[in-house]
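Numbering (the working numbering), first residue to last: 3 to 427.
Even for Gly, the Cβ is constructed at its ideal location relative to N, Cα and C.
A short worksheet on the structure shown next.
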Ligand code: GAL
């Protein structure tokens, strides 16, 4: 982990991005006239684009210019590659979607958002655990947008009906239901064969098969002996079972195309975070009528969370710094929190917001966010960069993807997982 931190920071230094050991003081004249802000993000699907358009509009309503820098590719891995190369060229965008512990890797070269945070009471309107992720050496350097839940199963009830199958609540029931659906000539599981999507399903199974403690040991603590334990072997066996119910078009399929297979009744279910809800809603579908959103098998109590956030790079021009700070402020205002999160499928990160305008799955998520925090079942997503540093995440994704695209045995996969993590730890 230290290795990577040093690497990124020294690359930035070489690239000539000023770096003073701590965060920069926000320019004092940042309140000037209209400015522009270039925003790197990866929100390009139907629901995502509808949500990000809200931020653009609010910023433009204040007279600022939004320069859109969208890098397609769910999960953001492509966007992160582009961000690194822009930063290396000494020309990072003013704002970029960066999440979780990775914020610490950039911390030293980011703009200090303490003034905006103080003026808008971020310490009190955010859960402390979220505020802590947004800070580097005690200073705000990122602004959180939302909270997504990962452990969802998106179901087309008609497909189950056609096959005479029962919607599962355990992995064994899923096996039985999927067999029937397959026998009826339908696709049981809409699968996107991309590393981050495979990792998303993998961590859901880790939580479901192993429970919260096992999830914590493996996906957060990266404990090598837990990673090669018999429970992990069982996780890979379950993943293999799921893979046997996917279709030949799965390799490299985008997540929203997989969601659309469920929407259209071509497939029975998909395992994906609740940005999938945004796709159902954008397609005019109604929960509990056209589709069902359920917690994934055996994860009813758990809430695997994924928080989107933006970091801000220091900019020279005071007007542009003003635009940047306006963006940071707007993101946590109640108006944005509601207008963005409703179409995004996520829930507000700001405390004390009404659940009124949200769809049923989001209301359930809002309730479970609180209950899971109380029972200790609120856990960060490994697949979405909330739980471990990027090098450990990368090691896990490599093994999971290799398993999904080969005939590797569950035993060998568990032992490879432990060794791969051990090397980078
Ligand atoms: C996640 C991100 C979500 C959603 C998803 C698919 O990593 O947190 O907001 O965009 O990727 O693109």
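Inter-residue Cα distance where the pair is residue i and residue j
i, j, result
"residue 344", "residue 371", "16 Å"
"residue 335", "residue 61", "12 Å"
"residue 308", "residue 382", "6 Å"
"residue 247", "residue 408", "15 Å"
"residue 155", "residue 109", "35 Å"
"residue 116", "residue 136", "11 Å"
"residue 11", "residue 107", "Confidence at residue 11 is low in this model, with a pLDDT of 47, below 50, so its placement is unreliable and the value that follows should be read with caution. Straight-line Cα distance between these residues: approximately 7 Å."
"residue 51", "residue 323", "25 Å"
"residue 244", "residue 395", "22 Å"
"residue 128", "residue 199", "29 Å"
"residue 390", "residue 197", "16 Å"
"residue 86", "residue 103", "16 Å"
"residue 189", "residue 375", "36 Å"
"residue 77", "residue 365", "24 Å"
"residue 279", "residue 347", "5 Å"
"residue 276", "residue 167", "24 Å"
"residue 401", "residue 270", "27 Å"
"residue 24", "residue 141", "Residue placement at residue 24 is poorly supported in this model, since its pLDDT is 45, which falls under 50; the coordinates still yield a value, given next. If you take the alpha carbons of residue 24 and residue 141, they lie about 9 Å apart."
"residue 305", "residue 59", "31 Å"
"residue 133", "residue 147", "12 Å"
"residue 180", "residue 91", "49 Å"
"residue 257", "residue 191", "12 Å"
"residue 82", "residue 353", "29 Å"
"residue 88", "residue 240", "40 Å"
"residue 26", "residue 118", "Because the pLDDT of residue 26 is 47, which lies under 50, any placement of that residue in the model is unreliable, and the question is left without a value."
"residue 300", "residue 173", "7 Å"
"residue 287", "residue 165", "22 Å"
"residue 268", "residue 411", "30 Å"
"residue 317", "residue 226", "42 Å"
"residue 403", "residue 121", "45 Å"
"residue 369", "residue 265", "26 Å"
"residue 321", "residue 337", "24 Å"
"residue 373", "residue 184", "36 Å"
"residue 393", "residue 423", "9 Å"
"residue 421", "residue 213", "23 Å"
Where residue i sits in the DSSP three-state scheme
i, result
"residue 2", "Residue coverage of the chain in this structure runs from 3 to 427, which leaves residue 2 outside it and unanswerable."
"residue 301", "coil"
"residue 418", "helix"
"residue 217", "helix"
"residue 363", "helix"
"residue 322", "helix"
"residue 2", "Coverage of the chain is limited to positions 3 through 427, which leaves residue 2 absent and any answer about it impossible."
"residue 116", "helix"
"residue 407", "coil"
"residue 148", "strand"
"residue 177", "helix"
"residue 334", "coil"
"residue 308", "strand"
"residue 259", "helix"
"residue 169", "coil"
"residue 435", "Beyond the ends of the chain as shown, which are 3 and 427, falls residue 435; an answer cannot be given."
"residue 11", "Any reading at residue 11 needs caution, since the residue's pLDDT is 47, under 50, leaving its predicted position unreliable; the model's value is listed next. Here residue 11 sits in helix by DSSP."
Cβ pair residue i, residue j closer than 7 Å
i, j, result
"residue 426", "residue 397", "yes"
"residue 351", "residue 39", "no"
"residue 330", "residue 145", "yes"
"residue 71", "residue 158", "no"
"residue 57", "residue 95", "no"
"residue 195", "residue 260", "no"
"residue 220", "residue 229", "yes"
"residue 143", "residue 112", "yes"
"residue 37", "residue 325", "yes"
"residue 201", "residue 399", "yes"
"residue 161", "residue 273", "no"
Residues bridged to residue i [DSSP beta-bridge criterion]
i, result
"residue 142", "137"
"residue 314", "97"
"residue 391", "DSSP lists no partner for residue 391."
"residue 39", "68"
"residue 195", "253"
"residue 156", "272 and 295"
Check: residue i C-beta below 6 Å from any heavy atom of the ligand PLP
i, result
"residue 277", "Of the ligands one can find in the structure shown, namely the ligand GAL, none is the ligand PLP."
Residue from the options with nearest C-alpha to residue i
i, options, result
"residue 297", "363, 387, 174 and 123", "363"
"residue 281", "97, 314, 53 and 176", "53"
"residue 139", "114, 163 and 159", "114"
"residue 284", "262, 273 and 267", "262"
"residue 333", "318, 319, 314 and 404", "314"
"residue 415", "237, 265, 299 and 131", "237"
"residue 250", "406, 67 and 289", "406"
"residue 380", "64, 160 and 151", "151"
"residue 211", "186, 171 and 182", "171"
"residue 100", "274, 312 and 424", "312"
"residue 419", "224, 47, 80 and 183", "224"
"residue 74", "161, 360, 160 and 45", "45"
"residue 378", "162, 222, 215 and 130", "215"
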